[in-house]
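Below: one structure, written as structure tokens.
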Amino acid sequence: MNIDLLVHGGAVLTVDEDGGVVHNGAVGVHEGEIVAVGPAEELCTRFTADESIDSSGCLVLPGLVNTHTHLAMTLLRGRADDVTLQEFLERVLPAEAELLAPKNVAAAVRLAIAESVRAGVTSALDMYWFHEAAERAAREAGWRLHSGPTFMDVPEPPDGLAYEQRHAWARRDLEARGSAHAGRRPVVFAHSTYTLSPDQLTEIAALAREFGALLHIHAAENVTEVATVEERYGKRPVELLASLGLLGPDLLLAHAVDLTGPEIAALARTGTSVAHCPVSNLKLGCGIAPVPRLLSAGVTVGLGTDGAVSSNSLDVLGAVRQAALVHKADGDPTAVGAEQAVRMATIEGARALGLGEHLGSLEAGKRADLIVLDLNAPHLRPLHDPWSTLAYAAHSADVRDTVVDGRVLMRDRELRTLDERAVIADLEALVRADLIMS
1 MNIDLLVHGG AVLTVDEDGG VVHNGAVGVH EGEIVAVGPA EELCTRFTAD ESIDSSGCLV
61 LPGLVNTHTH LAMTLLRGRA DDVTLQEFLE RVLPAEAELL APKNVAAAVR LAIAESVRAG
121 VTSALDMYWF HEAAERAARE AGWRLHSGPT FMDVPEPPDG LAYEQRHAWA RRDLEARGSA
181 HAGRRPVVFA HSTYTLSPDQ LTEIAALARE FGALLHIHAA ENVTEVATVE ERYGKRPVEL
241 LASLGLLGPD LLLAHAVDLT GPEIAALART GTSVAHCPVS NLKLGCGIAP VPRLLSAGVT
301 VGLGTDGAVS SNSLDVLGAV RQAALVHKAD GDPTAVGAEQ AVRMATIEGA RALGLGEHLG
361 SLEAGKRADL IVLDLNAPHL RPLHDPWSTL AYAAHSADVR DTVVDGRVLM RDRELRTLDE
421 RAVIADLEAL VRADLIMS
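Heads up: the sequence shown at position 190 corresponds to 190 in UniProt numbering, and the numbers run straight through without jumps.
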């Protein structure tokens, strides 16, 4: 049988339920779908391929899933460091209102995609303005972007749409994009419980559910946010979402740092998921999300980088390491283990997006999002345990090949669908034109 792509010869970490590793394994891909995973000898005999990747001496694993980011914030990288979350917002929001436009967002997203592909990130949930420009950039690069209308009731939104106009525009957008398919689903973004009223949140959630969309929202990022919402509405953010009937399997919370026991129980009971962003939470002094307690309660937890202003990179492997380390600070080295951290960046991230049947593991019938990590470096040898190697030793620069939906976006560390020099030059041109805040 002839197929499109055969990746063969490396150790294949499937990230299936059993956590299987196929040594000298192979992955067969046809029309964007994984058609077989197994021993290389068997698959190389069974298939002929239009393109073949020799992964000998490498680790093959599912592409990494970034469950919370703001890709176009690469525009502002390094411009709001060493401040609190509230100071961060005071700096960034006015700059966004002044600087953002579709052209600028597209340039910034292309840079973010180049960075992500190099880091083995094959898909991301991107909450930001001018998502149409971001989606065009992703389509041109062949990269899997999960995006959609964003709601944030601020005085001067970058796109100039008042809330009522935005609601009508969002409906048209959702009608045009249709239902979930092939590793993608509609998404609606509600910024937070402090930038949207309860009535607005209820309307936005109803719109999302009408179209079967995932609803994504910042919640309980730090104690100041929680206190602000509690003073305003008499309820903490998660309590407020619960009282409005918004918790459920179609809701994904970003951050969820400041949670009570009853709130964790409510998330577990309703099937609400969490995007854990350990790097930005530490950098902004927000604290450490209670991930071990969330996991013990049965809450699905994925990993996110947040934007490149609050975390300064889109390195999901870096978030894996941080997640595997930071929760041990209380004295329990088993709080979040290596395998759990890697799963949070792959299959659990896919499940948090409601796409676990399509993404996040290397299994026949799933979309072919995979990466090849080069093990031929001193810091990666010997390979006693691939989970441990990924969580504690690997770096994003170790990613050699990146495949999205069966299309090779990077081979031998060379980007195929983006002109990296042009992408960098375009963004630098914006800086030289003084479009970035001083």
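Just so it is clear, CB atoms sit at the ideal spot from N, CA and C, and this is done for glycine as well.
Applying the 10 Å Cβ sphere with the 16-neighbour rule, what's the burial state of residue i?
i: R166; result: buried
i: T84; result: exposed
i: E31; result: exposed
i: M1; result: exposed
i: E175; result: exposed
i: L427; result: buried
i: N376; result: exposed
i: V431; result: exposed
i: V187; result: buried
i: R381; result: exposed
i: A422; result: exposed
i: H181; result: exposed
Under 8 Å, do residue i and residue j count as touching if we go by C-beta distance?
i: V27; j: G360; result: no
i: H327; j: V336; result: yes
i: A242; j: A268; result: no
i: H191; j: Y128; result: no
i: G302; j: S280; result: no
i: A352; j: A227; result: no
i: L259; j: A297; result: no
i: H23; j: S52; result: no
i: L418; j: R110; result: yes
i: A133; j: N66; result: no
i: A350; j: L64; result: no
i: V229; j: T195; result: no
Excluding the five sequence neighbours on either side, which residues of its own chain have a C-beta within less than 8 Å of the C-beta of residue i, listed in chain order?
i: D412; result: R400 and D401
i: A36; result: A26, V27, G28, L43, R46, F47 and A364
i: R185; result: H146, S179, G212, A213, L214, L353, G354 and L355
For residue i, I'd like the list of residues in its chain whose CB is within less than 7 Å of its CB, leaving aside the five on either flank, ordered along the chain.
i: L161; result: W169
i: A391; result: V320, R321, A324, A338, A341 and V342
i: N312; result: R77 and G78
Taking the beta strand (DSSP E) that residue i belongs to, which residues open and close that run?
i: residue 459; result: No statement about residue 459 is possible, as the shown extent of the chain runs from 1 to 438 and does not include it.
i: V326; result: Here V326 belongs to no beta strand (DSSP E); instead the alpha helix (DSSP H) covers V316 to V326.
Excluding sequence positions up to five away, which residues of its chain have a Cβ less than 6 Å from the Cβ of residue i?
i: S438; result: Residue placement at S438 cannot be trusted, given a pLDDT of 44 that sits under 50; the coordinates are not used to answer.
i: L76; result: V309
i: H379; result: A393
i: E72; result: The sequence given here has Ala at residue 72, not Glu. Contacts found: V105, A108, V109 and Y128.
i: A425; result: none
i: S116; result: L314
Shorter than 8 Å from the beta carbon of residue i to some beta carbon of chain E?
i: P149; result: Absent here is chain E; the protein component of the structure consists of one chain.
List the endpoints of the continuous alpha helix (DSSP H) containing residue i.
i: G349; result: I347 to A352
i: R421; result: E420 to R432
i: A368; result: Premise fails: A368 is in no alpha helix (DSSP H) and is neither H nor E.
i: T48; result: Segment T48 to D54 is the beta strand (DSSP E) holding T48; no alpha helix (DSSP H) there.
Given 7 Å as the limit, tell me if residue i has its C-beta closer than that to any heavy atom belonging to the ligand MN.
i: A134; result: As presented, the structure is devoid of all ligands, the ligand MN included, so that no description of it is given.
Where in the segment 177-213 do unbroken runs of the alpha helix (DSSP H), each at least 4 residues long, occur, reported from the N-terminal end onward? 198-210, all fully within the segment 177-213.
Fully enclosed by the segment 65-142, which beta strand (DSSP E) runs are 3 residues long or longer? List check, beta strand (DSSP E) in window: 121-126.
Would you list, in sequence order, the uninterrupted beta strand (DSSP E) runs of no fewer than 3 residues that lie entirely inside the segment 10-34? Counting whole runs of 3 or more residues, the segment 10-34 contains the beta strand (DSSP E) stretches 11-13 and 25-30.
Ordered list of alpha helix (DSSP H) runs contained in the segment 214-270, each at least 4 residues: Runs of alpha helix (DSSP H) with 4 or more residues, each lying fully within the segment 214-270, are found at 223-233, 237-243 and 261-270, listed in chain order.
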